[in-house]
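Number 194 in UniProt numbering belongs to position 194 of the sequence shown; there are no gaps in the numbering. Think of the CB as a built atom: it goes at the ideal place given N, C-alpha and C, for glycine as much as any other residue. Predicted model, so just to flag it, every value in this text is computed and none were measured. The structure appears below as structure tokens.
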Amino acid sequence: MPQTVTAWTQLAPRYEALASDHLTPEHAPDWLRHWSDLEKDVWDIRAHLTRAKDANPSDRDAEEAYLAFLQHVQPEVTRASHGLNQKLLALSGWQPEAQHEQMLRQLRNAAALFREENVTLETEAHRLANEFNKITGAQRAVVNGEALTLPEAQRLLLQPDRGVRESAWRAIMAARLKSAPQLDAVFLELLKLRRQMARNAGFPNYRDYVWQAMNRFDYSPRDTRTLHEAVEQTVTPLLARVFAERRAAFGLDALRPWDTSADSQGRAALVPFTGTQELEDIAQRIFEALDRDLGAQFARMREGGYLDLEPRAEKVPGYGYCDYFPRALQPFIYWSAVGTDGDVRVLMHEAGHAFHFLASGQPHHLVWNFMSPIEFAEVGSQAMELLTLPLLERPVGFYDAEDAARARRDKLETVLRQFISQATADAFQQWLYAEAPEDVTIAQIDAKWLECAARFERGVDTHGLDRERAKGWQFVHVFAYPLYMLEYSLAWIGALQIWRGAQHNPALALERYKAALALGGTCPLPELFEAAGARFAFDEATLRELMGFVEEQLFGTPGLQG
1 MPQTVTAWTQ LAPRYEALAS DHLTPEHAPD WLRHWSDLEK DVWDIRAHLT RAKDANPSDR
61 DAEEAYLAFL QHVQPEVTRA SHGLNQKLLA LSGWQPEAQH EQMLRQLRNA AALFREENVT
121 LETEAHRLAN EFNKITGAQR AVVNGEALTL PEAQRLLLQP DRGVRESAWR AIMAARLKSA
181 PQLDAVFLEL LKLRRQMARN AGFPNYRDYV WQAMNRFDYS PRDTRTLHEA VEQTVTPLLA
241 RVFAERRAAF GLDALRPWDT SADSQGRAAL VPFTGTQELE DIAQRIFEAL DRDLGAQFAR
301 MREGGYLDLE PRAEKVPGYG YCDYFPRALQ PFIYWSAVGT DGDVRVLMHE AGHAFHFLAS
361 GQPHHLVWNF MSPIEFAEVG SQAMELLTLP LLERPVGFYD AEDAARARRD KLETVLRQFI
421 SQATADAFQQ WLYAEAPEDV TIAQIDAKWL ECAARFERGV DTHGLDRERA KGWQFVHVFA
481 YPLYMLEYSL AWIGALQIWR GAQHNPALAL ERYKAALALG GTCPLPELFE AAGARFAFDE
541 ATLRELMGFV EEQLFGTPGL QG
């Protein structure tokens with residue numbers, strides 16, 4: 001199948017053949033296999049077009065090829081797939097295998113949600129989301145007269161010199177504020193489209209529509225509000241303690257936003273590698289030390305050219321992901337690595353996704369069973385960040401003993417910050433899509449973001465900075481992946497349990513982790529968590545217990561337990 005399909009006529013005959021095929025219960029497994037193979041080809045085509053577009057967002061040919069597929073092929077694929085879905089679901093007398101129960105649940109859900117008028121709206125929403133990448137990819141922070149990409153400027157936030165940090169922070173905010181009016185306009189268009197899609201499908205609001213569209217069968221918006229409250233009661237005070245100790249170590253009266261990342265003892269920023277070749281080489285050693293199979297898988301990715309980690313100026317800043325090429329049976333990792341400890345974390349995270357694809361995306365698996373629900377897909381990536389922490393020290397890893405300890409502590413502090421940012425973003429988006437007035441304004445959106453941030457954030461003095469902070473909602477998930485945020489927190493709950501288990505029995509924890517990844521999408525969320533040695537939970541008691549574990553790792557004093 002060609003990688004540059006931009007016309008529906010190149011795919012239509014295969015869909016038409018499946019649609020006209022006489023489907024019987026006996027024939028259903030083979031028919032499903034052919035349909036799955038076709039969907040794998042579509043995935044492969046889309047992955048190649050996305051990779052070419054993201055390699056250089058200023059490449060007009062690559063962008064036009066991607067948009068041609070998005071506008072002229074994907075809508076027809078959606079329509080044709082819906083027709084095949086209806087054909088399968090109408091088949092009587094077929095007894096599917098147990099491993100296909102989750103797949104059928106999702107196919108029935110997709111059939112119930114399908115609306116012809118939403119196909120065009122979804123295409124336009126994807127086009128608008130792509131505008132976010134173009135706008136943010138062009139952002140530059142001017143520091144001391146030099147125009148830096150945002151990842152380059154963010155490195156300066158790690159410098160011991162407080163004046164340098166503040167200048168960099170303000171330059172980053174200035175760059176974002178310059179783009180804010182464009183992003184405001186794009187988002188209001190997106191919001192209008194999303195609300196219309198929900199109405200078309202018979203839902204009172206977009207949140208409820210997305211909940212069903214994302215196959216969230218195992219929890220409700222009420223459950224997430226329970227998790228918000230748990231984060232507020234357990235994570236917020238622990239992170240406030242971290243910030244209080246940081247402020248005292250700096251000898252400051254108040255900790256400001258540009259003081260939250262630099263080393264509180266005045267040490268220079270961690271420099272784990274110089275150049276992406278060294279990053280890949282050391283990562284290779286870490287994965288080989290963790291598990292022979294994982295090391296071999298990462299080596300094949302490198303050999304096949306499935307890593308794009310170079311920090312080219314034209315790449316979208318701070319944008320990383322792992323995609324999959326079903327025909328090559330290879331994952332692909334995209335990121336801009338500039339030489340920070342954060343780059344190491346991102347690579348460990350995305351490699352976790354890659355290992356998940358490789359575990360579940362076997363040729364004999366149907367495409368719908370490749371990937372688990374997002375909530376568990378993020379367990380695979382986030383657990384890999386934690387499982388590799390003991391291997392950060394040389395001769396295997398990036399650091400000497402002192403710096404490895406710093407990196408481990410920084411990772412745990414980052415987990416706490418992510419719980420906070422994810423609760424903030426989810427509470428904000430639930431308001432935006434379920435409660436905000438029909439004629440909501442950008443000023444109201446900005447104000448709500450500040451309100452949600454104030455609920456969960458403690459310990460950092462932000463007075464006089466509301467103008468900059470009010471645009472904190474302008475990040476990629478809000479534009480391209482609406483209401484995809486709390487999944488990360490649910491995944492941290494799972495990943496922390498896996499890591500805690502690994503401290504008692506590393507071999508068993510890794511064995512269960514790999515076995516759970518191999519299940520793909522064949523089990524509901526609670527069973528996937530259980531297979532990995534964790535419990536799927538939202539409650540304050542569970543989170544309090546885990547925060548006690550994290551606190552003990554940070555301070556040796558599990559004060560949150562009990």
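Excluding the five sequence neighbours on either side, which residues of its own chain have a C-beta within less than 7 Å of the C-beta of V5, listed in chain order?
Within the same chain, V5 has close Cβ partners L11, I45, F69, V73.
Give the DSSP bridge partners of Y488, in chain order.
In the DSSP output, where bridge partners are listed per residue, Y488 has none listed.
At least three beta-carbon pairs within less than 8 Å, the segment 223–235 to the segment 126–140:
Counting Cβ pairs under 8 Å, fewer than three are found: no touch.
Using the C-alpha atoms, what's the distance from R544 back to L18?
Distance between the alpha carbons of L18 and R544 is about 52 Å.
Restricting to Cα atoms, I'd like to know which of P363, E438, H364, T340 is closest to F398.
Here the closest residue by C-alpha is T340.
Considering Cα atoms alone, identify which of L49, T522, V379 is closest to I493.
Answer by Cα proximity: V379.
C-alpha gap between V271 and Q418, whole angstroms:
Computed Cα separation, rounded: 23 Å.
When you compare the CB positions of G361 and Y324, do they come within less than 9 Å of one another, or not?
Against a cut-off of 9 Å, the Cβ pair of Y324 and G361 comes out as a contact.
Can we count Q102 as close to the ligand MG, meaning its CB is less than 8 Å from some heavy atom?
The ligand MG is not part of the structure shown, which contains no ligands of any sort.
Three-state class that DSSP yields for C523 in the structure shown
Coil, per DSSP.
May I ask which residues mark the beginning and end of the alpha helix (DSSP H) holding Q330?
Not the alpha helix (DSSP H): Q330 falls in the beta strand (DSSP E), residues 330–334.
Give me the Cα-Cα distance between R14 and L113, rounded to the nearest whole angstrom.
For R14 and L113, the distance between alpha carbons rounds to 24 Å.
Please list, in chain order, all residues of the same chain as K53 whose beta carbon is under 6 Å from its beta carbon, the five residues on each side excluded.
Answer for K53: A62, E63, Y66, listed in chain order.
I need the DSSP call for D59, collapsed to helix, strand or coil.
The answer is coil: DSSP assigns D59 none of H, G, I, E or B.
To the nearest angstrom, how far is it from the Cα of L183 to the Cα of Q474?
Distance between the alpha carbons of L183 and Q474 is about 7 Å.
Are there 16 or more other CB atoms within 10 angstroms of the CB of H411, so buried, or fewer, so exposed?
Reading off the sequence, residue 411 comes out as Lys, not His. Around the CB of K411, 16 or more other CB atoms lie within 10 Å, so the residue is classed as buried.
Can you give, in chain order, each stretch of the alpha helix (DSSP H) that sits fully within the segment 426–457 and has at least 4 residues?
Taking 4 residues as the minimum length, the alpha helix (DSSP H) runs contained wholly in the segment 426–457 are 442–456, in order along the chain.
Quick one: measure Cβ to Cβ for Q95 and P524, integer angstroms, because I've assumed they're closer than 8 Å.
About 20 Å; that fails the 8 Å criterion.
Go ahead and label K471 buried or exposed: buried means 16 or more other beta carbons lie within 10 angstroms of its beta carbon, across all protein chains shown.
Buried is the call here.
Between the beta-carbon of A141 and the beta-carbon of A90, is there less than 9 Å?
Cβ distance not < 9 Å, so A141 and A90 don't count as in contact.
May I ask which residues mark the beginning and end of the beta strand (DSSP E) holding A147?
Residue range 146–148 is occupied by the beta strand (DSSP E) that includes A147.
Residues that DSSP places opposite V142 in a beta bridge:
Note: V142 sits in a beta bridge opposite A147.
Does the Cβ of R256 have 16 or more other Cβ atoms within 10 Å, making it buried, or fewer, making it exposed?
Residue burial is scored here from C-beta neighbours: R256 has at least 16 other C-beta atoms within 10 angstroms and is therefore classed as buried.
What ranges does the beta strand (DSSP E) occupy inside the segment 79–163, keeping only unbroken runs of at least 3 residues that lie completely in it?
Listed in chain order, the complete beta strand (DSSP E) runs (minimum 3 residues) inside the segment 79–163 are 141–143, 146–148.
For F325, which beta-bridge partners are listed by DSSP?
By DSSP's assignment, F325 forms a beta bridge with Q330.
Alpha-carbon spacing of A443 relative to L450, whole angstroms
Roughly 11 Å between the two C-alpha positions.
For H463, does the count of other Cβ atoms within 10 angstroms reach 16, so buried, or fall short, so exposed?
H463 comes out exposed.
Tell me whether the beta-carbon of A532 lies closer than 9 Å to the beta-carbon of A507.
No, Cβ-Cβ distance for A532 and A507 is not below 9 Å.
List the DSSP bridge partners of residue 573.
In this structure the chain extends from 1 to 562, so residue 573 is not present and cannot be described.
So which of E189, T414, R170 has the shortest CA-CA distance to L465?
For the residues E189, T414, R170, the minimum Cα distance to L465 belongs to R170.
Within this structure, are the beta carbons of A404 and L392 separated by less than 9 Å?
With a cutoff of 9 Å on beta-carbon distance, A404 and L392 are scored as near each other.
Consult DSSP for L227 and reduce its assignment to one of helix, strand or coil.
Looking at L227 - three-state DSSP - the assignment turns out to be helix.
Taking the alpha-carbon of E413 as reference, which of H126, M173, G342 has the nearest alpha-carbon?
It is G342.
In terms of residues, what are the limits of the alpha helix (DSSP H) holding K514?
K514: member of the alpha helix (DSSP H) spanning 506–518, first to last residue.
Does D21 come out as helix, strand or coil in the three-state DSSP assignment?
D21: coil per DSSP, three-state reduction.
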